[in-house]
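As structure tokens, the structure follows; a few thoughts come after it.
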Amino acid sequence: MHPGIIFFLVILGSILFHIFTPWYWTDVASNWGGMDDTITLTFWIGGGVFVAVCLFMVYCVFKFSYKENRKAEYKPEDKKLEKILTWATTIGVVALLAPGLIIWNSYVNVPKNAIEVDVMAWQWGWQYRLPGKDGKLGTTQVVNVNDDNPFGINLDDPYGKDDVMIQSDVLNLENNVPVKILLRSVDVLHNWYVPQFRAKMDAVPGIVTFYWFEPNKTGEFEVLCVEYCGVGHYAMRGGVIVQETQEYNNWLNQQELFSDLIAKREKMEIEKTKLVKK
Amino acid sequence: MSEPKLEGIELKPGFKGMAEDTGSDQTMFKGVHWGKAMMWIFLLSDTFIFSCFLIAYMKGRGSTPVEWPNPSEVFALDAFGVPVPLLLIAIMTFVLITSSGTMALAVKYGYEKNRKMCGWLVLATAIGGLTFVGMQAFEWSKLIHEGVRPWENPFGAPQFGSFFFMITGFHGTHVSIGVIFLFIYAYKVFAGHYDQQKRGWFTSMKGNYVEIEILGLYWHFVDLVWVFIFAFFYLW
Amino acid sequence: MSEDYNDNKTIQAQSSETMGGGGAGVTPDMDYVRPAEIADQDLYHGHSFITKWIFCQDAKVIGVQYFLLATFTGVIGLILSWLMRLQLGFPGAAGFMTAEHYYQFVTMHGMIMVVYFLTALFLGGFGNYLIPLMVGARDMVFPYLNMVSFWSFFVAVAVLMASFFVPGGPTGAGWTLYPPQTILEGTPGSGAGILLMCLSLILFVAGFTMGGLNYLITVLQARTRGMTLMRMPLTVWGIFTATVLAMLAFPALLVGALMMSLDKVLGTSFFMPTILKAGEVLEYGGGSPILFQHLFWFFGHPEVYIVALPAFGIISDLISVHARKNIFGYRMMVWAIVGIGALSFFVWAHHMYVSGMNPWFGFFFATTTLIIAVPTAMKVYNWILTLWRGNIRMNTVMLWCLGFIVTFVNGGITGIFLGNVSVDVPLSDTYFVVAHFHMVMGIAPLMVIMGAIYHWFPLVAGRFLSEKLGKWHFWLTFLGAYSIYFPMHYLGFIGVPRRYFEMYDSPYMTSTVGMNEFISLAAFLVGAAQFILIFNIIKTLKTGKPAGKNPWKANSLEWLTPTVPPEHGNWGDRLPVVHRWPYDFSVPGAKDDYITQTTPPSEVSNTGVEKT
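Residue numbers (the working numbering), protein chains in the order written: chain A, 1 to 278; chain B, 1 to 236; chain C, 1 to 612.
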């Protein structure tokens, strides 16, 4: 079989695979559908270039195969053609970069009404904290983290007292409300990612990183850690449940506040001293 | 490789001349010995190493959560009961810059084939370098005695000690290697190896006074790096 | 001792032209080339077995040494990839496969392939053999240093292999070695493993600095008469530019590795912030993990171009020789190589879009990354335009060239997906990235390496490799590798993460089981297919068809040595004199369809050849 045919079949196969593939992105469940659109645009432009270049190559292989008494064309340069190709490529590149940067601009500028959510990562699990009624998260320090204070909240910070503590790896979110995910880690690099939300950012120990999104579909989603963090990396999973407002508020009211935890511990201390005295 | 010939080669001045040289055959840098070109490129690479160190240091210092120690206080020396800030460093800088001066003179006398003067000046450079290393070692032992460690120190941010020892250590190693080569080259000059074009022990290539100039380039580089370290670490 | 040296002071290169500056009454004829600026090179000839084959200073021998050692490490990397695919395709099939082992395989596979196999092969292997020959020199300018550079590489490889045997095993931190995890418990090999890795990398950098000085000065200062920079084959331009990148990028790796070692050994906190582990706050504090990432990727991005640029250069030469046509747009190709090389220093943080670095950097690096796509695209166009109206020999070498074009364009386009910052957000850390870099760094350069082997084997060994076996080798490798990595992109679209030991417990990833099995089987097949080449080489060395001089009818100097294979000193008594670029193929009016670089203008004055 002529090699050109096999190369042609490879290109054709790639196109068919793309059209019929069962593995494609998950249904987007957040506001970042624009990323999908940019990917589609990149497929059209980039894929078009790939197919055009490879088919041109296949054509050359058929048309210009070696003949003893034939000579190739001798043409060291064609400045005009090179100029046209450079400009065409530049335009293609700009067409891709423009939407990409516009979306990135949106990604790094968090809407003012976004609810802050503290996502705390550790080897190898997650826990979450919400700002509570005062709308502000209390400040934390890694050295404060212990059984009595699982989030390391600074005890003298008034904003921390009404923080909602979610000590499971499943977070509930309200549908159609933007959230600003504040990521922090107490040990190594991690990354909180839900494929359906599209957004992600590394959690870096020593600083607080962020990203934001607005869920727009209810349902249950899996959270994956997507920054290698040691042998438990692949097992570091979590969950997100997106609910409508009524259900979400029901859930929220059942969660423990930091002040509740403090009160509980104080009560236990008093009980303990009573026992000792007896 | 013997000195490249410059006869019959017209060197045009300015950028136009450089462009012509670049477009010409055989060599890009006319009349430049291979060893010299090699040393320039090696030093460019070494510059990037020290730049990485210094940029990392600036980033570390800029983002330190704990107060950074005051260099004038930490590096002060007691002279007759009065603490003089940065006294030791000032002396070290003077010694190193002077040794660069003796090195430059050594290169000049080498090309003039004045064996004795060249040899003494290379030796003087070596001794200057050795003095510098000795003073650096003294400074290290003084700070270690005061409790400065790579992982912590009593004066402030723990990164102070780590950057200090790493950067001055790397520089000091460069100086020490230079000192070893300087002593060897001083011996070779006095023994007449460059006059006789005697073949070297390692590479078996013929000796040539250009080697003094090549070592000189390295030595000036080491001096220049010290000026930057001095500025960024001690003065800032 | 004196008979060991080429004291060639009295023998200068000859040609039909005059010597010296030309005195009065001498008219420079059309074949005039400027006289020699420097005396002929003084080479050391070894006489014992050790000085001829072990501690040899002949760049060709050193080139073969690099080639063999790099290939050895590549085979280890290949076996590691089989082990990885065994787990991913058939989890639980191997009893010894724990998560620790898996991550160690992942890390060592990556580091070996990128650094010890590809970089060493292109720069040390091809660079050493081809550069002196292609520029018309007798050897590299510092043969002793060149010899030391190989043995430094040898020690670096030995230290790396030793890390397999230390307590805790080799590091399992991923080839990117990110702190803090790399030096903490919870990551395999966080003890002696990572220290030996850092030591090996530092030794590697030292060795390649020595080698790099050789390659650069030889190209800049030791070309033969008539060889201007714009008459050098693109192979030399590619390796030269890659070496410049290496000299400027390796420092950042050295600094990063050194600082990481100090964090481990001395307890410094360059990269280590406050860390809580197993309920204890560690002694570290105040350091920045992102600082390491900046240092690493300042090295890491130019590193991929250190692999790619020699590949670009070599493929241009392979295509033009076997299509019997000048490379289209040679000057643009040179500027593209230099431009890509320069720009490669300004794009590194596209590996860090989701690292938590300052978000505003994303705008800058996305822009520079997409700018670098333009010169790269120009090169692709010029390769296919070289095929246009060519006279294409469909031999094994050409097949590898065509395979390169398909895989490189594929991999390059997916790079544009990832370079566009907001598109990178959903795709980063997924199998899309894995598919992209394997296609563009693994498969495409591998196509070039294979093509180069089939192309230059007749020069190095004097015989042709079997075309029949070569074609089997090509089709199995190309079709197999393409079927591994093309579908893998789609796993990334679903969101399957990288560096996952197990994934089928997750409901939406169970659909990938079949594809993963297929990919693993294809990987085993493609790996095995490489042994066809080894068999081909051994068979050819015993009974292969002799090639004679310049069997491909190429123009560049390496084919024009007096003996094949070239001997020590390359050129015998007379250095070559160059009159043209190496791409005068199919010149109208010429007797043959090629005109070698040393052919003087007077011999082709009746043809349509252009002045170069």
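Just so you know, even glycine gets a beta-carbon here, dropped at the ideal spot from N, CA and C.
Computed from a predicted structure; not experimentally measured.
- Item | For Tyr-109(B) and Lys-188(B), the rounded distance between their alpha carbons | Locating residue 188(B) in the second sequence gives position 188, where the first residue counts as 1. Locating residue 109(B) in the second sequence gives position 109, where the first residue counts as 1. Their backbone Cα atoms lie some 15 angstroms apart in a straight line.
- Query: Does Glu-502(C) have its Cβ less than 8 angstroms from a Cβ in chain A?
  - Reply: Numbered from its first residue, the third sequence carries residue 502(C) at position 502. Chain A, which has a Cβ nearer than 8 angstroms to the Cβ of Glu-502(C), makes this yes.
- Taking DSSP as the reference, what is the three-state secondary structure of Ala-435(C)? On the third sequence, position 435 is the one that residue 435(C) refers to. Three-state DSSP puts Ala-435(C) in a helix.
- Could you name the residues of the same chain whose beta carbon sits closer than 6 angstroms to that of Leu-235(B), not counting the 5 residues immediately before and after it, in chain order? By 1-based counting over the second sequence, the position of residue 235(B) is 235. Closer than 6 angstroms at Cβ, skipping near neighbours: no residue.
- Query: If you run the structure through DSSP and keep just helix, strand and coil, what is Arg-331(C)?
  - Reply: In the third sequence, counting from the first residue as 1, residue 331(C) sits at position 331. Arg-331(C) falls in the helix class under three-state DSSP.
- Query: Is the Cβ of Thr-168(B) closer than 8 angstroms to any Cβ of chain C?
  - Reply: Numbered from 1 along the second sequence, position 168 holds the residue referred to as residue 168(B). Not closer than 8 angstroms to any Cβ of chain C, the Cβ of Thr-168(B) fails to qualify, so no.
- Query: Taking 8 angstroms as the CB-CB limit, is Asn-149(A) close to chain C?
  - Reply: Taking the first sequence and counting its residues from 1, the one referred to as residue 149(A) is at position 149. Not closer than 8 angstroms to any Cβ of chain C, the Cβ of Asn-149(A) fails to qualify, so no.
- Message: Does Ser-65(A) come out as helix, strand or coil in the three-state DSSP assignment?
- Response: For the purposes of this step, residue 65(A) is identified with residue 65 of the first sequence, where counting begins at 1. In the structure shown, Ser-65(A) sits in a strand (DSSP, three-state: E or B).
- Item | C-beta neighbour in chain B for Gln-597(C), strict 8 angstroms | In the third sequence, residue 597(C) corresponds to position 597, counting from 1. Any Cβ of chain B closer than 8 angstroms to the Cβ of Gln-597(C) would place that residue at the interface, and such an atom is absent.
- Message: Can you check whether the C-beta of Pro-188(C) is within less than 8 angstroms of a C-beta belonging to chain A?
- Response: As a position in the third sequence, residue 188(C) is number 188, starting the count at 1. Taking Cβ atoms only, chain A reaches closer than 8 angstroms to Pro-188(C), which makes this a yes.
- Query: Does Tyr-583(C) come within less than 8 angstroms of chain B when only Cβ atoms are used?
  - Reply: Your numbering for residue 583(C) matches position 583 in the third sequence. Chain B contact via Cβ: absent.
- Nonlocal neighbours in the same chain, by C-beta distance under 6 angstroms from Leu-80(C), ignoring five residues either side: On the third sequence, position 80 is the one that residue 80(C) refers to. So the list reads Phe-105, Met-108 and His-109, once near-sequence residues are dropped.
- Message: Taking the alpha carbon of Ile-115(A) as the reference point, which residue from Lys-272(A), His-190(A), Pro-215(A) and Val-93(A) has its own alpha carbon closest?
- Response: To locate residue 115(A), count along the first sequence from 1; it is residue 115. Of Lys-272(A), His-190(A), Pro-215(A) and Val-93(A), the residue nearest in Cα terms is Pro-215(A).
- Segments of 3+ residues assigned as beta strand (DSSP E) that fall wholly inside the stretch 584–611 of chain C: none
- Task: With DSSP collapsed to three states, give me the class of Arg-616(C).
- Result: Residue 616(C) falls outside the range modelled here, since chain C spans only 1 to 612, and no answer is possible.
- Query: For Arg-393(C), which residues from the same chain have a beta carbon less than 8 angstroms from its beta carbon, with the 5 sequence-adjacent residues on both sides left out?
  - Reply: For the purposes of this step, residue 393(C) is identified with residue 393 of the third sequence, where counting begins at 1. Cβ neighbours of Arg-393(C) beyond the five flanking positions: His-322, Ala-323 and Arg-324.
- Who are Pro-99(A)'s beta bridge partners in DSSP? The residue labelled residue 99(A) in the question sits at position 99 within the first sequence. BP columns for Pro-99(A) are empty, so no partner.
- Can you give the beta carbon distance from Val-244(C) to Gly-341(C), rounded, assuming they're within the 8 angstroms contact cut? To locate residue 244(C), count along the third sequence from 1; it is residue 244. To locate residue 341(C), count along the third sequence from 1; it is residue 341. 6 angstroms between Cβ atoms; contact.
- Leu-184(C) touches chain A at which residues, Cβ-Cβ below 9 angstroms? Against the third sequence, residue 184(C) aligns to sequence position 184. Those are Gln-123, Asp-187, Val-188 and Gly-230, listed as they occur along chain A.
- Would you mind stating whether Ala-106(B) and Thr-131(B) have Cβ atoms separated by less than 8 angstroms? As a first step, residue 106(B) must be located in the second sequence, where it is residue number 106. As a first step, residue 131(B) must be located in the second sequence, where it is residue number 131. Cβ distance not < 8 angstroms, so Ala-106(B) and Thr-131(B) don't count as in contact.
- Message: Counting only beta-carbon separations shorter than 8 angstroms, does Leu-557(C) have a partner in chain B?
- Response: The sequence position of residue 557(C) within the third sequence is 557, counting from 1. No, because no Cβ of chain B sits closer than 8 angstroms to the Cβ of Leu-557(C).
- Query: Any Cβ of chain C within less than 8 angstroms of the Cβ of Asn-191(A)?
  - Reply: Position 191 of the first sequence holds residue 191(A). True, the Cβ-Cβ gap to chain C drops below 8 angstroms.
- Along the chain, where does the alpha helix (DSSP H) that runs through Gly-216(B) open and close? In the second sequence, residue 216(B) corresponds to position 216, counting from 1. Unbroken alpha helix (DSSP H) run through Gly-216(B): 210–229.
- Query: Using a Cβ-Cβ cut-off of 7 angstroms (strictly less than) and excluding sequence neighbours within five positions of His-174(B), which residues of its own chain qualify?
  - Reply: Taking the second sequence and counting its residues from 1, the one referred to as residue 174(B) is at position 174. The answer, listed in chain order, is Val-222.
- Would you mind stating whether Phe-213(A) and Trp-32(A) have Cβ atoms separated by less than 8 angstroms? The count along the first sequence starts at 1 and reaches residue 213(A) at position 213. The count along the first sequence starts at 1 and reaches residue 32(A) at position 32. Going by C-beta atoms, Phe-213(A) is nearer than 8 angstroms to Trp-32(A).
- Short CB-CB distance (under 8 angstroms) between Tyr-128(A) and chain C: Along the first sequence, one-based indexing puts residue 128(A) at 128. Not closer than 8 angstroms to any Cβ of chain C, the Cβ of Tyr-128(A) fails to qualify, so no.
- Query: Along the stretch 87–120 of chain B, what residues have a CB closer than 8 angstroms to any CB found in chain C?
  - Reply: Residues of the stretch 87–120 of chain B that bring their beta carbon within less than 8 angstroms of a beta carbon in chain C are absent altogether.
- Query: Where does Gly-25(C) sit, in a helix, a strand or coil, going by DSSP?
  - Reply: For this step, residue 25(C) is matched to residue 25 along the third sequence. The predicted position of Gly-25(C) is uncertain, since its pLDDT is 41 and thus under 50; a value taken from the coordinates is nonetheless stated next. The answer is coil: DSSP assigns Gly-25(C) none of H, G, I, E or B.
- Return the bridge partner residues of Pro-619(C) from the DSSP annotation. Nothing can be reported for residue 619(C), as the shown portion of chain C is limited to 1 through 612.
- Item | Buried/exposed call for Leu-68(C), threshold 16 Cβ in 10 Å | Looking up residue 68(C) in the third sequence gives position 68. The residue is exposed, with fewer than 16 neighbouring Cβ atoms inside 10 Å.
- Look at the alpha carbon of Asn-153(B) and the alpha carbon of Gly-267(C), and state the distance between them as a whole number of angstroms. Working through the second sequence from its first residue, we reach residue 153(B) at position 153. Working through the third sequence from its first residue, we reach residue 267(C) at position 267. If I take the Cα positions, the gap works out to 13 angstroms.
- Task: Would you give the residue range spanned by the beta strand (DSSP E) that Ile-181(A) belongs to?
- Result: Residue mapping note: residue 181(A) aligns to position 181 of the first sequence, counting from 1. First-last of the beta strand (DSSP E) with Ile-181(A): 179–185.
- Query: Does the beta carbon of Ala-158(C) sit closer than 8 angstroms to a beta carbon anywhere in chain B?
  - Reply: Indexing the third sequence from 1 puts residue 158(C) at position 158. False, the Cβ-Cβ gap to chain B never drops below 8 angstroms.
- Message: Are the CB atoms of Cys-60(A) and Leu-521(C) within a distance shorter than 8 angstroms?
- Response: Residue numbering aside, residue 521(C) sits at position 521 when the third sequence is read from its first letter. Residue numbering aside, residue 60(A) sits at position 60 when the first sequence is read from its first letter. Cβ atoms of Leu-521(C) and Cys-60(A): not closer than 8 angstroms.
- Item | Residues of the stretch 53–74 of chain A whose Cβ lies closer than 7 angstroms to any Cβ of chain C, in chain order | Val-53, Cys-54, Phe-56, Met-57, Cys-60, Val-61, Phe-64, Ser-65, Tyr-66, Lys-67, Arg-70, Lys-71, Ala-72, Glu-73 and Tyr-74
- Item | Span of the beta strand (DSSP E) around Ile-180(B) | As a first step, residue 180(B) must be located in the second sequence, where it is residue number 180. Ile-180(B) -> not in any beta strand (DSSP E); alpha helix (DSSP H) instead, spanning 159–190.
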